[in-house]
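Working notes for the structure below.
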Amino acid sequence: MDRDAYHNCSSLVKMPRQSYEQFWSSHFVDYIDKELSYSKFFKKYLLPNHPCMFSRRFTEDWKCRKQWVTEEGKPNFQKLLQEFEETPVPVANCNAKEYNANPKQVMPFKEFIHYWKEYIQNGHSSPKGCLYLKDWHMSRDFPDHNVYTTPIFFSSDWLNEYWDTLEVDDYRFVYMGPKGSWTPFHADVFCSYSWSANICGRKKWLLYPPGQEDFLRDTHGNLPYDVTSAELQDRGLFPQLEEACQPLEIIQEAGEIIFVPSGWHHQVYNLEDTISINHNWLNGCNIDIMWQFLQNELSSVHKEIEEWRNTMDSWHQHCQVIMKACSGIDYSEFASFLKIVAENRMAFLNACSSGDSSDYSRHLSETLTTLGPYHSAFDLQRVAHIIECLLCNEDFKLLDHSMLTFQPETMLQQIRDTIQSTRGQHLFYQE
1 MDRDAYHNCS SLVKMPRQSY EQFWSSHFVD YIDKELSYSK FFKKYLLPNH PCMFSRRFTE
61 DWKCRKQWVT EEGKPNFQKL LQEFEETPVP VANCNAKEYN ANPKQVMPFK EFIHYWKEYI
121 QNGHSSPKGC LYLKDWHMSR DFPDHNVYTT PIFFSSDWLN EYWDTLEVDD YRFVYMGPKG
181 SWTPFHADVF CSYSWSANIC GRKKWLLYPP GQEDFLRDTH GNLPYDVTSA ELQDRGLFPQ
241 LEEACQPLEI IQEAGEIIFV PSGWHHQVYN LEDTISINHN WLNGCNIDIM WQFLQNELSS
301 VHKEIEEWRN TMDSWHQHCQ VIMKACSGID YSEFASFLKI VAENRMAFLN ACSSGDSSDY
361 SRHLSETLTT LGPYHSAFDL QRVAHIIECL LCNEDFKLLD HSMLTFQPET MLQQIRDTIQ
421 STRGQHLFYQ E
């Protein structure tokens, strides 16, 4: 991040969200085929929460684009089997519906490839249904493979930074699916960003800007499983459908990367036999959206079990437990998430100001170094803002703060002191 980008956003409390009207009036997103600085991407797409597509030139050096794909542009089953034959992988059945998703099973990779070959030979059909290998943590399972590199545009990734620190999980996935496989209508976890790169094959994306999903809800408040289903024409069941915009339809070719911003609900189809790499991620530009998502999730839990509020001494704690079971995180873990992000950046800025190379080797990641001190300062300001919001939140006040991994007030002061100290030492420079 350069100095201008930092100064333009450092005073912002709420991230600016520009109008999304241009997208459904023109059905157009920017196609990036030339060199683009991180600061320009930050200002033009991250901050305003706008989608875009990167051309195949941004993935042409990835090993997987060469090793996983035949000369004809098809999945290289032989090579894939050599690498992953016995690996257990999650596989969804696109022809089955379980709530608003597809049920999954775990099977050996070689079994899925055997199915996929037969599926192609039978004219892309099978009595087993249309199976789709999805949400496979390939990078976590094979950390030394290094078959792709996260583009710098998506490298400020608090979500995976947090899980990498805990060494428990990650939100980096590989998808492999035959022609006709698809993903039902949804928004990404925690209202995160996502980026998706086609290693081979083609996808069709249907994208709805934030807020449009509310017009697609049925009379019970549920989102549709399939936005193209004929049942949506039932005005008795979907009374607000006519108010919704038409989806933004995007065709993604082999090698291209799509950036899907926070809260953009989408439905995705594989138009050919396709392999893709997908990351969910969060950073200072959308952490406020995640915080609002968490508040909405807790509010929904409150409504569901309101009738037991006066009969349970630990009603608020139970709400947090239910919230974590439903969404994967509660307020306490969210606070821990913020703590790790802040500590990494304070260590980075303190090491920069000390000029001690031993500090660098111990505390600094390649990503923080590449993005520079302006970005770490911006990140700390965003963390500080959210901690301030937490401290004013009535539900957070009701938590047992002795059970937190840190004291928010202390962390907030440490962040302020770090930013003030580095400013005083003229640490920041013009990139």
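Numbering (full-length UniProt numbering), first residue to last: 1 to 431. All C-beta atoms in this analysis are idealised placements derived from N, C-alpha and C, irrespective of residue type, glycine included.
Next item on the list: Kindly list the residues whose CB is nearer than 6 Å to the CB of Tyr31, restricted to its own chain and excluding five residues on each side of it in sequence; keep chain order.
Entry: Walking along the sequence shown from the start, residue 31 turns up at place 31. Once the five neighbours on either side are set aside, the close Cβ partners of Tyr31 are Met53.
Note to self: Going by C-alpha to C-alpha distance, which of Phe337, Leu380 and Ala342 sits closest to Leu159?
What the structure shows: Your numbering for residue 159 matches position 159 in the sequence shown. Taking only the C-alpha atoms, the option nearest Leu159 is Phe337.
Next item on the list: Assess, as a yes-or-no matter, whether the segment 309–320 is touched by the segment 126–144 under the definition of 3 or more beta carbon pairs within less than 8 Å.
Entry: no
Check: In three-state DSSP terms, what is Arg65?
Finding: One-based indexing of the sequence shown puts residue 65 at position 65. Three-state DSSP puts Arg65 in a helix.
Check: Distance, Cα to Cα, Pro127 vs Lys179?
Finding: What you label residue 127 is simply residue 127 of the sequence shown in a count that begins at 1. What you label residue 179 is simply residue 179 of the sequence shown in a count that begins at 1. In a straight line, the C-alpha of Pro127 is about 15 Å away from that of Lys179.
Note to self: For a quick check, are the C-beta atoms of residue 436 and Val91 less than 8 Å apart?
What the structure shows: Look at the range of the chain in this structure, 1 to 431, and you will see that residue 436 is not part of it.
Check: Which stretch, first to last residue, makes up the beta strand (DSSP E) that contains Ser196?
Finding: Reading the sequence shown from its first residue, position 196 is the one you call residue 196. Looking at the DSSP string, the run of the beta strand (DSSP E) that includes Ser196 is Tyr193 to Cys200.
Notebook entry, point to check: Helix, strand or coil: which one does DSSP assign to Leu131?
Noted result: Locating residue 131 in the sequence shown gives position 131, where the first residue counts as 1. Reduced to three states, the DSSP call for Leu131 is strand.
Notebook entry, point to check: Which whole-angstrom value is the C-beta distance of Val89 and Phe109, which I expect to be below 8 Å?
Noted result: In the sequence shown, residue 89 corresponds to position 89, counting from 1. In the sequence shown, residue 109 corresponds to position 109, counting from 1. Confirmed, about 5 Å.
Next item on the list: Using 10 angstroms around the beta-carbon of Lys339, count the other beta-carbons present and answer buried if the total reaches 16, otherwise exposed.
Entry: As a position in the sequence shown, residue 339 is number 339, starting the count at 1. Lys339 comes out buried.
Checklist line | Residues bridged to Ile258 [DSSP beta-bridge criterion] | finding: By one-based count along the sequence shown, residue 258 stands at place 258. DSSP lists Met53 and Ser196 as partners of Ile258.
Check: How many whole angstroms separate the CB atoms of Gly123 and Ala254, which I take to be in contact at a CB cut-off of 8 Å?
Finding: On the sequence shown, position 123 is the one that residue 123 refers to. On the sequence shown, position 254 is the one that residue 254 refers to. Incorrect: roughly 22 Å between the Cβ atoms, too far for contact.
Notebook entry, point to check: Taking the alpha helix (DSSP H) that Gln320 falls in, what are its first and last residues?
Noted result: Taking the first residue of the sequence shown as position 1, residue 320 is located at position 320. Unbroken alpha helix (DSSP H) run through Gln320: Trp315 to Ser327.
Margin query: Among the candidates Arg202, Tyr208 and Val106, whose CA atom is the shortest distance from the CA of Asn49?
Written below: Looking up residue 49 in the sequence shown gives position 49. Of the candidates Arg202, Tyr208 and Val106, the one whose C-alpha sits nearest the C-alpha of Asn49 is Tyr208.
Note to self: Buried or exposed, going by whether 16 or more other CB atoms sit within 10 Å of the CB of Tyr38?
What the structure shows: The count along the sequence shown starts at 1 and reaches residue 38 at position 38. Buried.
Note to self: For Lys63 and Ile275, I'd like the C-alpha separation in whole angstroms.
What the structure shows: The residue you call residue 63 lines up with position 63 of the sequence shown. The residue you call residue 275 lines up with position 275 of the sequence shown. Going from the Cα of Lys63 to the Cα of Ile275 covers about 14 Å.
Note to self: What would DSSP say about Glu394, mapped onto helix, strand or coil?
What the structure shows: By 1-based counting over the sequence shown, the position of residue 394 is 394. Three-state result, Glu394: helix.
Next item on the list: Would you give the residue range spanned by the alpha helix (DSSP H) that Arg345 belongs to?
Entry: The sequence position of residue 345 within the sequence shown is 345, counting from 1. Per DSSP, Arg345 belongs to the alpha helix (DSSP H) from Tyr331 to Ser354.
Check: The alpha helix (DSSP H) with Leu81 in it runs from where to where?
Finding: In the sequence shown, the residue the question calls residue 81 occupies position 81. From DSSP, the alpha helix (DSSP H) with Leu81 extends over Phe77 to Phe84.
Note to self: From the DSSP secondary-structure annotation, give me the bridge partner or partners of Lys204.
What the structure shows: Indexing the sequence shown from 1 puts residue 204 at position 204. Paired residue(s): Ile251 and Tyr269.
Margin query: Using C-beta distances below 6 Å, list every residue in its chain close to His279, excluding the 5 sequence neighbours before and after it, in chain order.
Written below: By 1-based counting over the sequence shown, the position of residue 279 is 279. The residues are Arg172 and Trp195.
Checklist line | Rounded separation between Asn93 and Glu111 - CA only | finding: As a position in the sequence shown, residue 93 is number 93, starting the count at 1. As a position in the sequence shown, residue 111 is number 111, starting the count at 1. Distance between the alpha carbons of Asn93 and Glu111 is about 14 Å.
Check: Using the beta-carbon count (16 or more within 10 Å), is Ser299 buried or exposed?
Finding: Residue mapping note: residue 299 aligns to position 299 of the sequence shown, counting from 1. Exposed: under 16 other Cβ atoms inside 10 Å.
Next item on the list: Identify every residue that forms a DSSP beta bridge with Phe173.
Entry: Residue 173 sits at position 173 when you count from the first residue of the sequence shown. Bridge partners of Phe173: Asn278.
Margin query: Run through the DSSP bridge pairs and tell me what Lys104 is partnered with.
Written below: Position 104 of the sequence shown, counted from the start, is the residue given in the question as residue 104. Partner(s): Ala92.
Next item on the list: Measure the alpha-carbon distance for Gly216 versus Gln295 and round it to whole angstroms.
Entry: Position 216 of the sequence shown, counted from the first residue, corresponds to residue 216. Position 295 of the sequence shown, counted from the first residue, corresponds to residue 295. The amino acid occupying residue 216 in the given sequence is Leu; Gly does not appear at that position. Between Leu216 and Gln295, the C-alpha separation is close to 22 Å.
Check: Taking the continuous beta strand (DSSP E) assigned at Phe185, which residues delimit it?
Finding: Position 185 of the sequence shown, counted from the start, is the residue given in the question as residue 185. Trp182 to His186 is the span of the beta strand (DSSP E), which, as asked, contains Phe185.
Margin query: Beta-carbon within less than 6 Å of Phe41's beta-carbon, same chain only, minus the 5 sequence neighbours each way: which residues are those?
Written below: What you label residue 41 is simply residue 41 of the sequence shown in a count that begins at 1. The answer, listed in chain order, is Phe153.
Next item on the list: Mind checking who Trp136 pairs with in its DSSP beta bridge?
Entry: One-based indexing of the sequence shown puts residue 136 at position 136. DSSP, once it has assigned bridges, lists Val174 as partnering Trp136.
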